[in-house]
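These notes are about the structure you will find just below.
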Amino acid sequence: MQLREFGGLTGPFVPPAHGGAATHVMLLLHGWGADGNDLADLARPYAMRFPGMAFFVPNGPDPCKMNPAGREWFDIDDRVNGPDYAAPVIQTAITALLTDLRLSGSALILAGFSQGGMMSLHCGLRLNPAPAAIVSFSGALLRHDDLSASATTPYPPVQLIHGSDDQVVPCALMHEAARILSPLGVEVETVERPGLAHGIDPDGLTASINFLAAHITD
Numbered sequence: 142m143q144l145r146e147f148g149g150l151t152g153p154f155v156p157p158a159h160g161g162a163a164t165h166v167m168l169l170l171h172g173w174g175a176d177g178n179d180l181a182d183l184a185r186p187y188a189m190r191f192p193g194m195a196f197f198v199p200n201g202p203d204p205c206k207m208n209p210a211g212r213e214w215f216d217i218d219d220r221v222n223g224p225d226y227a228a229p230v231i232q233t234a235i236t237a238l239l240t241d242l243r244l245s246g247s248a249l250i251l252a253g254f255s256q257g258g259m260m261s262l263h264c265g266l267r268l269n270p271a272p273a274a275i276v277s278f279s280g281a282l283l284r285h286d287d288l289s290a291s292a293t294t295p296y297p298p299v300q301l302i303h304g305s306d307d308q309v310v311p312c313a314l315m316h317e318a319a320r321i322l323s324p325l326g327v328e329v330e331t332v333e334r335p336g337l338a339h340g341i342d343p344d345g346l347t348a349s350i351n352f353l354a355a356h357i358t359d
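Read in order, the letters of the sequence shown correspond to residues 142 to 359 in the numbering used here.
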């Protein structure tokens, strides 16, 4: 694992397990009040299935106002303007990351947890070219007013994974996102984890690996 900087964001970077050039790259976005180290270990199980995949787990751009030792993608009290504040920061990092790895946008997987899952959806549904896939753990769809069934760029496949007992970001928001996205032509898979609170469990992680295996060749 290395510490790298792409487009102004810094965090753990894991090169492909096979030791060669990357065939795909996952941008993995942490939750509110954490940092890239919180999710960096997830690269290992993904790399076992996708040895050509690289991983970048950046720290959010700003200190978390409730936990200054952690980071945030946007002010949690501003879910209206916050995503549009964070999106250009993430998109700049994506451009730098893809350029460095000599990959096209279609080789990108956007994934995240909680606030990071929200930003994975917010950015990934608007990227052109579309990423290979989006995986949102315990996230939510914050805005959809500009998304259309007649979009010129096909939407990427989306997987939403959520604990049934999540008291931080209610599981109902997963089902709401699916109800909104499916009529727009988005391929959406939902995975509800019984009894799970706000977190990622082994079965949810396995479901995400299987989902990616159905949509990318590595």
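Think of the CB as a built atom: it goes at the ideal place given N, C-alpha and C, for glycine as much as any other residue.
Three or more pairs of CB atoms, one per stretch, sit closer than 8 Å, so the region 277-294 contacts the region 259-268.
The C-beta separation of residue 301 from residue 325 comes to about 14 Å, leaving the pair out of contact by the 8 Å criterion.
Residue environment analysis places residue 355 among the exposed positions, since fewer than 16 neighbouring C-beta atoms fall within 10 angstroms of its C-beta. Of the candidates 148, 267 and 314, 267 places its Cα closest to the Cα of residue 292. If you compare the alpha carbons of 165, 163 and 184 with that of residue 171, the shortest gap goes to 184. For residue 274, the enclosing beta strand (DSSP E) covers residues 274-278. The region 143-181 contains no complete alpha helix (DSSP H) run of 4 or more residues.
The Cβ-Cβ distance between residue 194 and residue 165 falls below 8 Å. Going by C-alpha positions, residue 297 is about 34 Å away from residue 207.
Judged by DSSP secondary structure, residue 232 falls within the alpha helix (DSSP H) whose first and last residues are 223-242. In the structure shown, residue 260 adopts helical secondary structure according to DSSP, grouped into three states. Going by beta carbons, residue 249 and residue 229 fall outside the 8 Å limit. Per DSSP, reduced to three states, the secondary structure at residue 344 is helical.
Nearest C-alpha to residue 254 among 303, 243, 295 and 238: 303.
Burial is judged here by how many other beta carbons sit within 10 angstroms of a residue's own beta carbon; residue 351 has fewer than 16 and is exposed.
Between residue 198 and residue 258, the C-beta spacing is not below 8 Å.
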